Every structure is written in C-alpha cells, then in structure tokens.
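Q: Numbering (my numbering), first residue to last: 75 to 610. Note that CB positions come from ideal geometry on N, CA and C, so glycine has one too. Remember, predicted model here, so these are calculated numbers, not experimental data. Starting off with a structure, shown below.
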C-alpha cells in the first residue's frame, strides 16, 4: 500500500530536488571544461488516492427482470375404427411337363428324302416368280391419303361469277397464283378479271385476302410462273393478248404486253409456257398457243413490250396423214390449238392438243413454211411432224412424263385420259374417268407411275398405275355441288402439295401422303416396261 502525502509536501520536495540537482552541477571542482561525476540521491514516495472508485460505488444500482409465464398444454388422439386384414397364398400346385420323346433319326431322314423333290420344285417356282417384285414393307402407320390444307378465294372475283381458269406455283414452291376468267359461251373479252397470289409460308395467312392482286381488263384464260424469277407471271387473255406481270410491284405490276397488233392472237390464248432462249439459257421467252391456229414465241424488249421472235401455224393441208382424221369443214384452213406440253428430255420437242381432238408431235426446229394467209412480222413455219389417234372431242390438257422421253398423257371433253408413246399413233391405254369433260391432267414430278386429273364433275382423281390401270387410287371431292374443276398443278418444290381451281372461284391446296410422294422400288423399270409394250 502506497504512503500518502499531502499535495503541498509534494511540491516542496520536487522543488528541493530540482534545486539540489542544479547546485551539484554548478559546484563541481573538476574545472570549467570537464563535467563532474553524477551523485545518487534518494527522494520520498508520492501516492495519489483514487476518487473514481468512491464515486462509482455511490452510483451503483441493482436491477432484475422476469419473463412472462409459460403456458403448457397436453393433447391426445384416438382413432375411432381399425381394420385388420390378412392375405394367404394358395398352396402351389406342381405341374408336370410331358416328357419329350426322343426323335427317331431314321424315320426323320426317310421323311426328308421323301419330300425333298417336292420342296425343291416349289422353291424353284417361288424363286422364278415376279409376284412380289417392287413390293416394299411400309412399317409406318398409314395416314389419310389426301387432306385439304387451304381453301383460297378472292370474294370480288367470286361476286362476278368468275372461274379459276389456271393455277401455277412459283420457283420457290411457297407462292401459288390463280387466274380468274370464264370458260363458257358468250363474249367475255371485255369482262374485268384478276390474277391473285397467296404466299402459303406467310404467318397469319388469310385465305380470302391474297398477298397480291392484279386487275386485268379481259378474262385471263391461263398463266405460268417464271422458272427462275419468283415474282414474274405470264398470262394469256381471252382477247388474244399475252402479258407479263411482276407481282412484287403492286402499284405498277405490268412488265410487258403484246398489245393488239397484226402479230397478236385473234382468238383466246389457252396456254402460255416459259422457254429458255437457245443461245442464252438464263434468259427466257414466252410461248403462247391459241385457237386461231398459231403458236408464237415472244421476247421482252424495252418500253414494256413483248416482241414476236418466232411463230408457227397449223394448216389443215400440212398435217401428217399417218392416221385417219375427220375431214375439215369447207373453207377451214387453220387448226385451233388448245394445249401444249414440252418434252423434259428434248427442249425442241413438244406436243399440241387441238380442237379436233388429235394430238400433234411438233418441233421448234421445223423449217417448212406454213401455208397460211394470217399476217405476221416473222415467217410462220409448220411445226407438225406426227399425228396421234384422236379423242372423241377437243383436247383440253397434255402432260409429258418427267421420267420417260416417249410417254405423254392427254385429257379431253370425251372424259378419257389417253396414255401415248411418241413412237406410235395408237394410245397404250384409254381410261374413262368421267362421263363429263376432263379439263386437266398432270404427271407427278416425283412418282413415275402417278398422275392427277381434274373432272367436270367436281372431282380431283389420283392414279397410281402400279396399283391399277383402270380405276383411280384416290378421288377427292373439290366442289360439293359438282361444279367443274378446271385446272391443277403439282408443286415441284414441296412435292406433297397439289393445287386445283374450280368454277366456284376457289383454289384448294391438297396435301398428299407419302403414298404419292415416295418412289417405290423398280417403279422406273415398270414405266420403261410400259413404254416398251407401247412400242412393240
């Protein structure tokens, strides 16, 4: 414990110590330049009492707290009912298997020797049989063969009672175009009509609102999309004109037109076809056929004009006489052309359908001058090389096979489809599909033995010659009131689609199952065999 001292004493002791240190330093006898030795000195101890402890002791307080009382409860649950169940399996019964007797080797050998000759003979018969040639097992579940995917129409055209006279798919396969006109009696040359297109790949497709509409001052009898330009469409009019539109320019779609000149057809144009130029395969011309007996080639030039580049005329006296034909009426010199189809193997070879009902094999390379009085700015030539046996009425449609150079189909007002070979006049077969007119026939672009036909009874009929050569594989009803179906076209890009137009002013897009789009084994061989039978 420290010794306590008064504050006054501490101050004196401190002063005395300081004074003593100062005195001892100054009284040294060592000299002014050398310091004297240090001397130890004992001083008193100072202590300071703590007043903080006393203050804190006085201010100290005692506190306590208590939590609220805790409530407790007890509960119990008792089930009202209980069920006991027991399961007991039956005593298993032993099943005895019959013993298998050991075979008698000598008897088996004798049996096999006895039947060997008969089994070998039957196996040889099966090996030589062709009953199952081309048969393919289809493990996929068959869906409905043909279904209607779209029903397209243009109400203003239907309000005028216009028919769909032609349909065509563009080069991408996504856009379908239709021509509105009239097929029937009367002067429709001044009737306003339309060309409409629908983009089937466009989201939110409105079947009654075409993607593009072109108003035409005369009935449109036919049309065809350009082979490489997806928006260019050529059309033939009742007035005899040929026009080309660009459907991507809705404000000013007209590209070229023939105009009404001495070169223009004087009768309705029933078909137009795009053909590559001989020296420029990337450039195309438009070929038109009409019932005035002329077949004309048009080329687009400046100032929006189609200029005649070549022409042909069908004169009665220049028709090949390899088959018996009806005598023409007195004074009749021209043969009206109603349809055309070009070979897929020879670009210069084509077949013409006529009002007289006989098909004509023709060539673009023909050099013989045509005997005609019709005016023309270019020399007209006689294209006919061979005459085929006729239908019982005018021919409305032709189609050359994409898989065989010699086969083509024709359809006419007699309700028959004829299958011809280029090598003989008589048809291979004649199928009566309807008691009414047949307006269109087309080979499938992917199935060598499949074709479709449009009938005046409102049906679209699909034939598979591998299944039957006498009756259609499928017949679908296009119109409920049996209004005629005037035109149809397969889609070469989306091969499951088939478009057909009718007298009600509607275009129906039919979706075909794989049954009509997947080629079977040896199908091309069967087509070759069919063609060789024709030529024999």
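Taking the DSSP output, what are the residues bridged to residue 516?
A: Answer is 526, bridged to residue 516.
Q: Would you report the Cα separation of residue 189 and residue 539, rounded to the nearest angstrom?
A: The straight-line gap from Cα to Cα measures roughly 41 Å.
Q: With H, G and I counted as helix, E and B as strand and the rest as coil, what does DSSP make of residue 602?
A: Three-state DSSP puts residue 602 in a helix.
Q: Note down, in chain order, each residue of its chain lying with its Cβ closer than 8 Å to the Cβ of residue 446, except the 5 sequence neighbours on either side.
A: Contacts found: 367, 387, 389, 407, 408 and 454.
Q: Just to confirm the assignment: which complete beta strand (DSSP E) runs, minimum length 3, are found wholly within the region 273-337?
A: Correct list: 286-290, 294-299, 306-311, 316-320 and 328-331.
Q: For residue 215, name the three-state secondary structure that DSSP assigns.
A: Low local confidence applies: a pLDDT of 47 at residue 215 is under 50, so the model's placement there is unreliable, and no value is given.
Q: Using 10 angstroms around the beta-carbon of residue 582, count the other beta-carbons present and answer buried if the total reaches 16, otherwise exposed.
A: Its Cβ being crowded by 16 or more others within 10 Å, residue 582 is buried.
Q: Which residues does DSSP pair with residue 469 in a beta bridge?
A: DSSP, once it has assigned bridges, lists 486 as partnering residue 469.
Q: Grab the span of the alpha helix (DSSP H) containing residue 613 for me, first residue to last.
A: Residue 613 cannot be examined here, being either before or after the span of the chain that is shown, 75 to 610.
Q: Return helix, strand or coil for residue 416, following the three-state DSSP convention.
A: Reduced to three states, the DSSP call for residue 416 is strand.
Q: Mind checking residue 192: buried by the 16 CB within 10 Å criterion, or exposed?
A: Exposed, since its Cβ has fewer than 16 Cβ neighbours within 10 Å.
Q: Would the region 436-445 and the region 455-469 be scored as touching if the rule is three or more Cβ pairs under 8 Å?
A: Touching, yes.
Q: With distances taken from CA atoms, which of 449, 417 and 448 is nearest residue 434?
A: Closest by alpha carbon: 417.
Q: Run through DSSP, which three-state label would residue 377 get?
A: It is coil, neither helix nor strand.
Q: Could you check whether residue 518 and residue 590 sit closer than 8 Å to each other, using their CB atoms as the reference points?
A: In this structure, residue 518 lies closer than 8 Å to residue 590 by Cβ.
Q: Determine the burial state of residue 546: buried for a count of at least 16 other Cβ atoms within 10 Å of its Cβ, exposed for fewer.
A: Buried, because 16 or more other Cβ atoms sit within 10 Å of the Cβ of residue 546.
Q: Does the region 236-249 touch the region 585-602, meaning 3 or more C-beta pairs lie closer than 8 Å?
A: Touching, no, given that fewer than three Cβ pairs across the two stretches are closer than 8 Å.
Q: Are there 16 or more other CB atoms within 10 angstroms of the CB of residue 606, so buried, or fewer, so exposed?
A: Exposed is the call here.
Q: Might you give, ordered along the chain, the residues of its own chain that have their beta carbon closer than 7 Å to the beta carbon of residue 268, omitting 5 neighbours on each side?
A: Same-chain partners within the cutoff: 228, 231, 254, 287, 288, 289 and 290.
Q: My output table needs one value for residue 432: the three-state DSSP class, helix, strand or coil.
A: In the structure shown, residue 432 sits in coil (DSSP, three-state: anything other than H, G, I, E or B).
Q: What residue does the alpha helix (DSSP H) around residue 185 start on, and which one ends it?
A: That run of the alpha helix (DSSP H) goes 179-202.
Q: Spatial neighbours of residue 323 within its chain, please: CB distance less than 7 Å, with the 5 preceding and 5 following residues excluded, ordered by chain position.
A: Cβ neighbours of residue 323 beyond the five flanking positions: none.
Q: Residues in the same chain with beta-carbon distance under 7 Å from residue 348, minus the five sequence neighbours each way, listed in chain order, please.
A: The residues are 298, 300, 301, 308, 358 and 360.
Q: Within 10 angstroms of the Cβ of residue 282, are there 16 or more other Cβ atoms? Answer buried if so, exposed if not.
A: Counting Cβ neighbours within 10 Å, residue 282 comes out exposed, since fewer than 16 surround it.
Q: Determine the extent of the beta strand (DSSP E) in which residue 364 is found, giving its start and end residues.
A: Looking at the DSSP string, the run of the beta strand (DSSP E) that includes residue 364 is 358-364.
Q: Hey, residue 296 and residue 314: beta-carbon distance below 8 Å or not?
A: No, the pair does not count as a contact, with Cβ atoms beyond the cut-off.
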